[in-house]
Amino acid sequence: MIELAARKQLREFALEVELRFERGVTVLAGPSGAGKSTLLRIVAGLVRPDAGRVALDGWVLHEGGLDVPAFRREVAYVFQDYALFPHLSVLDNVAFGLAARGVPRERRRATAQSWLERLGLGAFGRARPGALSGGERQRVALARALAWTPRALLLDEPFAALDETTRLRVRDEVRTTLAALDVPVVLVTHDESDVAAFAAPVVRLERGRLVERQSGSAQ
Amino acid sequence: MIRAAVAIAAALFVLFIAVPLAALYLHLAPARFATMIASPSALAALRISLVTTCCSLTLTLLLGTPLAYVLARGRFAGRGVLDAIVDLPIVVPPAVAGLALLFVFGRAGLAAPALDALHVRLAFTTAAVVLAQLFVGAPFYVRAARAGFAAVERVYEEASATLGMGPLRTFARVTVPLALPALAGGAVLAWARALGEFGATIMFAGNLPGVTQTLPLAVYLGLESGDVDLAAALAVVLVTVALAVVAAARALERRAA
């Protein structure tokens with residue numbers, strides 16, 4: 011469970027939230043510029059709140075002067091444009107989080123390869139990310155985020171960079187992958203069709219404030 | 072009419088650069104070049120140049136890389152001033168740089184008491200050659216590296232952090248590889264500037280064969296002492312290196328773009 015109580019002054023308004031993300035998927039919805047990404051970045055440790063507290067399964071990540079740096083937080087993040095490392099192969103991208111944890115080369119490559127296969131990208135390990143289609147890159151980003159078994163997963167507009175046809179297919183795949191996870195997953199989107207597709211609890215943000223919370227309905 | 076004038080002006084300028092350089096190659100027959108370049112004084116100058124430029128390049132990379140990163144990424148008071156100080160040696164006349172170095176590291180310089188206490192003498196040693204090259208060459212590297220680091224999108228460093236890499240490992244595994252063409256281009260330019268260094272070296276390190284006499288100094292001494300063929304042979308080496316440097320820098324620029 012992610013506990014978050016944070017205040018952060020943005021350009022036009024202040025982000026001010028207090029909420030919990032339970033295990034499983036939560037969709038964080040709201041219009042562009044509502045502060046959704048900032049909220050995710052606060053949880054990941056990429057942005058410091060002006061005040062507040064962040065905790066993950068009772069482990070305090072931020073409170074007052076205490077701030078666990080992003081690289082120690084065990085919180086995976088899928089960036090909007092994926093941010094795959096262009097100088098590394100797809101396999102080394104996926105193995106990156108394992109390399110950070112000192113997993114020996116052979117073992118991390120094997121783990122990364124099995125993730126690629128699970129997401130239907132088994133043949134792409136040696137390619138550079140630049141050679142992949144948008145949908146493939148999206149899956150690599152997801153594999154990279156999950157290969158080292160993080161304690162939480164944050165996805166920032168994971169489908170925004172995809173064209174409409176790819177988007178529907180990838181969304182289905184991602185929903186299946188995320189459903190199998192036993193950690194808190196927060197998926198940010200400004201697109202109402204994503205909200206409907208995930209049938210997960212929804213938190214809605216507007217101009218930095220929570221305006222709605224609804225539990226998920228089975229579809 | 073205008074097009075013809077432009078073409079003539081351009082042609083004149085290209086000839087103005089190319090003909091003198093070609094004249095260096097034409098001065099010596101290949102056999103004579105081989106004799107000259109194999110002479111003890113030529114070999115000594117080559118050795119000094121090679122050793123000192125390798126040392127100054129190493130120092131440039133070690134000291135310049137963190138500085139370039141801070142200039143590209145850091146936000147702090149005085150960054151503009153720091154930026155300007157780094158660029159200064161590019162426009163300061165080399166002879167002035169040599170004099171300035173003497174005023175610090177020379178026998179009566181600012182750092183003399185400390186150097187004396189350590190029983191270190193710098194001026195007119197091979198180490199002085201390295202310092203002179205560092206002073207005039209490093210800014211070329213820092214400028215290029217600063218631009219290279221600034222062009223690395225932050226999101227890659229953020230991705231590396233969320234995947235568990237600490238700042239130093241992120242720098243080594245993500246930032247440096249992504250900025251590598253710019254870093255290499257800057258290093259090539261800095262090294263070439265160090266190789267050609269003359270003014271600061273002769274002021275601060277002198278012109279001692281086998282100790283501080285680098286290739287450019289040997290060219291100068293060759294001409295002074297009437298050994299024009301030796302000067303021409305060494306000049307050919309320097310121009311050839313320069314051509315290779317220009318080609319390498321252009322190739323790296325294309326990769327960086």
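Chains as they are written, first to last, in the numbering used here: chain A, 11 to 229; chain B, 72 to 328.
Glycine included, every Cβ here is placed at the ideal spot set by N, Cα and C.
Within chain B, no C-beta atom comes less than 8 Å from the C-beta of Leu163 (chain A); the nearest is roughly 10 Å away. Take Asp67 (chain A), set aside five residues on each side of it, and the residues of its chain with a beta-carbon closer than 7 Å to its own are Met11, Arg161, in chain order. Residue-level contact check: Ala82 (chain B) does not touch chain A, since none of the beta carbons of chain A fall below 8 Å from its beta carbon. For Lys18 (chain A), the pairing in a beta bridge is given by DSSP as A:Leu25.
Take the alpha-carbon of Ala183 (chain B) and the one of Phe275 (chain B): they are about 14 Å apart.
Any Cβ of chain A closer than 8 Å to the Cβ of Leu254 (chain B) would place that residue at the interface, and such an atom is absent. When the beta-carbon positions are compared, Leu14 (chain A) and Val64 (chain A) come within less than 8 Å of each other. Distance from Gly208 (chain B) to Glu268 (chain B) at the Cβ level is roughly 7 Å; contact confirmed, criterion being Cβ atoms closer than 8 Å.
For the pair Val162 (chain B) and Ala232 (chain B), the Cα-to-Cα distance works out to about 39 Å. Contact annotation for Tyr227 (chain B) against chain A: Ala93, Phe95 [CB-CB distance below 7 Å, chain order]. Chain B has no Cβ within less than 8 Å of the Cβ of Phe169 (chain A).
Val245 (chain B) reaches chain A at Phe95, counting residues in chain order whose Cβ is nearer than 7 Å.
Among the residues facing chain A, Ala221 (chain B) is not included, as its CB has no counterpart in that chain under 8 Å away. Here DSSP, grouped into helix, strand and coil, assigns Glu32 (chain A) to coil. Between Met107 (chain B) and Leu301 (chain B), the C-beta gap is smaller than 8 Å, which places the two residues in contact.
Not flagged as an interface residue toward chain A: Thr272 (chain B), since no C-beta distance is shorter than 8 Å. From the listed residues A:Phe106, A:Leu172, A:Thr48, the smallest Cα separation to Leu25 (chain A) is found for A:Thr48.
In the displayed model, Asp300 (chain B) falls within a helix according to three-state DSSP. Rounded to the nearest angstrom, the gap between the Cα atoms of Leu292 (chain B) and Ala216 (chain B) is 35 Å. Taking a C-beta distance under 8 Å as the contact criterion, Ala263 (chain B) and Val316 (chain B) qualify as a contact pair. Taking a C-beta distance under 8 Å as the contact criterion, Leu101 (chain A) and Gly130 (chain A) do not qualify as a contact pair. Given a length threshold of 4 residues, each whole run of the alpha helix (DSSP H) inside the stretch 167 to 198 of chain B is given here in chain order: 183 to 188.
Met72 (chain B) has its alpha-carbon roughly 15 Å from the corresponding atom of Ala82 (chain B). As the crow flies, the alpha-carbon of Val290 (chain B) is around 44 Å from that of Leu239 (chain B). DSSP, read as helix, strand or coil, puts Trp69 (chain A) in strand. Approximately 12 Å separates the beta-carbon atoms of Leu188 (chain A) and Val180 (chain A); this is outside 8 Å, ruling out the contact. Distance check between Val245 (chain B) and each of A:Asp91, A:Phe95, A:Val193 places A:Phe95 closest, using alpha-carbon atoms only. No Cβ-Cβ contact shorter than 8 Å links Val88 (chain A) with Pro139 (chain A). When DSSP states are grouped into helix, strand and coil, Gln284 (chain B) belongs to the coil group.
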